[in-house]
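Residue numbers (my numbering): 19 to 308. All residues carry an ideal CB built from backbone N, CA and C; glycine is no exception.
This is the structure:
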């Protein structure tokens, strides 16, 4: 029992530490938003869901380590687990939306691929919440998964999102490129690797693996996406200016020529010559810049 409590203590400490790391990254994203308006609409919600998942999972391990002796303590423990599962499936769905949002910068995408993960993740989040009270998928008191058909059913939601992620990466691999495809594939590979590593490192959970993959995602993908969005925003502004100038220029030329014509009618030859010279310089400068 003491050994199990020690494992729970290590797990809670690691999850709380990772929560602090993700919080610092979240604050960095907020500071970035004040300077750069162009950023993914899905990355910040993805971070928030991941932070919530780590926080409540850390509390769950803390409660499990101290032990539950009353019905109220068991109720709190079950509710904390429910919140953890909801945050977990929110992370999965938001990630699929994020990867498509990133690919959309380079080519057209089918958003239905991401939208179909929402009902699947919602269904399994509810199913896992129910399991916290009836032990359908796992035994809350022993914190062990049930074997057999129910165990296979409990994994369908996660594997569905993993399969959808792999399909998206394969389908849009040309738009992503080799390096970006590898980084996004880590989101699928990391939890699978975590399931194996838990045999030797009990403190290493699937939640930690997802958080580490998001950390890698921020450093190699999110910053690049922000830069691409900035370039698109600058290009859009330049196009708008060009369109505005193209609409103004004919009116300006007409007014300038009309003014020169009026000077000629007044026999103000010197002023007319200066106006023609300045107009000629304007036209030559315009051709050089354009």
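Looking at the C-beta of residue i, does it have a partner C-beta in chain C at a distance below 7 Å?
| i | result |
| --- | --- |
| residue 215 | Within the model displayed, chain C is absent; a lone protein chain is all it includes. |
For residue i, which residues does DSSP report across the bridge?
| i | result |
| --- | --- |
| residue 68 | Paired residue(s): none; residue 68 is not in a bridge. |
Locate the alpha helix (DSSP H) running through residue i, then write down its first and last residues.
| i | result |
| --- | --- |
| residue 223 | Where residue 223 is concerned, there is no enclosing alpha helix (DSSP H), given that its DSSP letter is neither H nor E. |
| residue 238 | Here residue 238 belongs to no alpha helix (DSSP H), and DSSP marks it neither H nor E. |
| residue 184 | 174-189 |
Measure the C-alpha to C-alpha separation of residue i and residue j and round it to an integer number of angstroms.
| i | j | result |
| --- | --- | --- |
| residue 37 | residue 201 | 21 Å |
| residue 19 | residue 82 | Low per-residue confidence applies at residue 19: pLDDT is 48, beneath 50, and the placement is therefore not dependable, though the value from the model is reported in the following sentence. One C-alpha to the other measures close to 11 Å. |
| residue 105 | residue 146 | 12 Å |
| residue 235 | residue 159 | 35 Å |
| residue 209 | residue 62 | 21 Å |
| residue 77 | residue 98 | 7 Å |
| residue 28 | residue 135 | 33 Å |
| residue 168 | residue 184 | 25 Å |
| residue 66 | residue 48 | 12 Å |
| residue 203 | residue 176 | 15 Å |
| residue 133 | residue 21 | 44 Å |
| residue 68 | residue 44 | 10 Å |
| residue 96 | residue 128 | 38 Å |
Enumerate, from N- to C-terminal direction, the unbroken alpha helix (DSSP H) stretches of 4 or more residues contained entirely within the segment 81-148.
Listed in chain order, the complete alpha helix (DSSP H) runs (minimum 4 residues) inside the segment 81-148 are 89-121 and 130-133.
Does the segment 171-190 come close enough to the segment 116-124 to have 3 or more Cβ pairs within less than 8 Å?
Taking a cut-off of 8 Å for Cβ pairs, the segment 171-190 and the segment 116-124 touch, as three or more such pairs fall below it.
Touching or not, the segment 168-181 and the segment 132-150, by the rule of three or more beta carbon pairs under 8 Å?
As far as the Cβ criterion goes, the segment 168-181 touches the segment 132-150, which means the pair count is three or higher.
With a threshold of 8 Å, are at least 3 pairs of Cβ atoms found where one atom belongs to the segment 26-46 and the other to the segment 68-75?
Result yes; three or more Cβ-Cβ pairs closer than 8 Å.
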